[in-house]
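Inspection log for the structure reproduced underneath, given as structure tokens.
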Amino acid sequence: MLYVSEETRTNDGLPIDRSEELKAEALELIPGVTQTNSKGPGRWVQGVSPAFLERAAGSRVWDVDGNEYVDYLMACGPVVLGHCYPPVTEAVEEQLGDGTTFSKPHPLEVRVARRIVDMVPCAEMVRFGKNGNDVTAAAARLARAYTGRDVVATHGYHGWQDVYAAASGSPGVPEALEELTEPFEWNDLGSVERIFERHPDDVAAIVTTPMVWDEPSDGFLTGLREIADREDALLVFDEVLTGFRFAPGGAQEYFDVTPDLACFAKAIANGYPLSALAGRRDVMSLLDGEVNFSLTYGGETLSLAAAAATLDVLANDPVHDHIFDVGRELKRGYNDVAAAHGLADRTSCRGLAPFTKVEFREEDGEHDPAALSLFMQECHRDGVLFADSHLPTYSHTDDDVEETLRVYDAAMGTVATAIEDDAVTERLDGRPVGSPVGQ
Ligand code: PMP
Numbered sequence: 151m152l153y154v155s156e157e158t159r160t161n162d163g164l165p166i167d168r169s170e171e172l173k174a175e176a177l178e179l180i181p182g183v184t185q186t187n188s189k190g191p192g193r194w195v196q197g198v199s200p201a202f203l204e205r206a207a208g209s210r211v212w213d214v215d216g217n218e219y220v221d222y223l224m225a226c227g228p229v230v231l232g233h234c235y236p237p238v239t240e241a242v243e244e245q246l247g248d249g250t251t252f253s254k255p256h257p258l259e260v261r262v263a264r265r266i267v268d269m270v271p272c273a274e275m276v277r278f279g280k281n282g283n284d285v286t287a288a289a290a291r292l293a294r295a296y297t298g299r300d301v302v303a304t305h306g307y308h309g310w311q312d313v314y315a316a317a318s319g320s321p322g323v324p325e326a327l328e329e330l331t332e333p334f335e336w337n338d339l340g341s342v343e344r345i346f347e348r349h350p351d352d353v354a355a356i357v358t359t360p361m362v363w364d365e366p367s368d369g370f371l372t373g374l375r376e377i378a379d380r381e382d383a384l385l386v387f388d389e390v391l392t393g394f395r396f397a398p399g400g401a402q403e404y405f406d407v408t409p410d411l412a413c414f415a416k417a418i419a420n421g422y423p424l425s426a427l428a429g430r431r432d433v434m435s436l437l438d439g440e441v442n443f444s445l446t447y448g449g450e451t452l453s454l455a456a457a458a459a460t461l462d463v464l465a466n467d468p469v470h471d472h473i474f475d476v477g478r479e480l481k482r483g484y485n486d487v488a489a490a491h492g493l494a495d496r497t498s499c500r501g502l503a504p505f506t507k508v509e510f511r512e513e514d515g516e517h518d519p520a521a522l523s524l525f526m527q528e529c530h531r532d533g534v535l536f537a538d539s540h541l542p543t544y545s546h547t548d549d550d551v552e553e554t555l556r557v558y559d560a561a562m563g564t565v566a567t568a569i570e571d572d573a574v575t576e577r578l579d580g581r582p583v584g585s586p587v588g589q
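In our numbering, the protein residues as written are 151 to 589.
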């Protein structure tokens, strides 16, 4: 593999003056500088990484200083076809002329619900929200109402709402709620069984993401299905990230395990704000007014028009084959580059192709934020917007992947030399990932 020479660096010197100015102003006005935790400056190399982006097309984004990047974050997952994917943009533009929000339901609600019922195994009825949070919180309430029970057994991140934050003892969440949300371990059915033993006849639902960085072990998801059935609890898959990304019918189709309810957001509308709760008719029917779930913007039409166009493409084009090809190649290429630089034991890329994650480890196996930060710094300077994960899209090309792996090769070389010289921190020109947010 070729090293990228200093002369050919895409964002040589990476001027980020405008980004830094905006960050300074935002520090005065917006707590945390961001509306989304993972977009905040503390998750990046402050002083080197761009803090603000302002334009995107296909697989590319541009920051406020005009630097161009191959994007692998895709707004944390929603953009599955690529930024500004033309059929989606056209559908939104067409709807814009006809109105955005009405005082009665719009036909698009029926059209998109029909499409989801056709695509998603568990879906017999559908309700819409805006963010993933809307529908994960609704799923818990619905499960509690349907079963008449209070406890939610859960694994993974499902949003900031009290029902899920209760398990982590978040400030502002009443302690009284803590015992109603019980976390279990991934790939450990015993930890799930113990929750049911601790709360006999009081567990309403098992709520989990169907995939994390480690694939579900053989029998884990079917085991959850069996426990839920045996205990008359509901199985809820949070497919906010996996939905429409792993397969047209989501991870439930990919792993062939059908939950009672599933939550979708992100990829459903290629970046427009829409989420959906889908599931069994007898459960979903309670949302006809018995269980309150009501949002002024639930039927907002621009996002629904985007969803209709996105789901058409996802259902008819080889999107998932492409995403798997790109994701597999990035993962393979990353791990090859790490091995070529003698760092296979210090860093690796893991996960299934549609969503892979990179880790850097110290010699003792502990997370190594400094090495990750140095790798990120070099990537950003060479035009690859990488944090620690890959969310490939239908718009990423073979050339993007080739360019990225060249950049990874150079960045890994820099990290390998820095580790050898015991100089990782000195070679960082900004503050490592995880530093407090500030100028
Ligand atoms: N569930 C999962 C699996 C998620 O990844 C997220 C967002 N990262 C959420 C729920 C919450 O979704 P939102 O931020 O759209 O409310």
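Every residue, glycine too, gets a C-beta built ideally from N, C-alpha and C.
Pairing F510 with D571, the inter-Cα distance amounts to about 17 Å. Closest by C-alpha distance to G563, out of Y484, P504 and G580, is Y484.
Comparing C-alpha distances from K280 to each of F505, A573 and A426 shows the shortest one belongs to A426. The Cβ neighbour count for R581, taken over all protein chains shown within 10 Å, is at least 16; the residue is labelled buried. If you check the CB distance, Y235 and T460 come in under 9 Å.
In this structure, DSSP gives P504 a state outside helix and strand, which the three-state scheme calls coil. Between the C-alpha atoms of S199 and L411 there is a straight-line separation of about 39 Å.
For M275, DSSP records a beta bridge to G429. Contact between A290 and V357 holds: CB atoms are separated by about 6 Å, below the 8 Å threshold. Under the DSSP definition of a beta bridge, W212 partners with R205 and E218. A buried status is given to S453, since no fewer than 16 other beta-carbon atoms sit within 10 Å of its beta-carbon. A distance criterion of 8 Å places the beta-carbon of V313 beyond contact range of the ligand PMP, judged by its closest non-hydrogen atom. In the DSSP assignment, the residues bridged to S539 are K507.
The C-alpha of G373 is placed about 44 Å away from the C-alpha of F252.
S367 sits exposed, since fewer than 16 C-beta atoms from the chains shown fall within 10 Å of its C-beta. No Cβ-Cβ contact shorter than 9 Å links V476 with L522. Taking a 10 Å sphere around the C-beta of I180, we find fewer than 16 other C-beta atoms and assign the residue as exposed. Two segments are said to touch when three or more pairs of C-beta atoms, one from each, lie closer than 8 Å; by this definition the stretch 305-314 does not touch the stretch 458-472.
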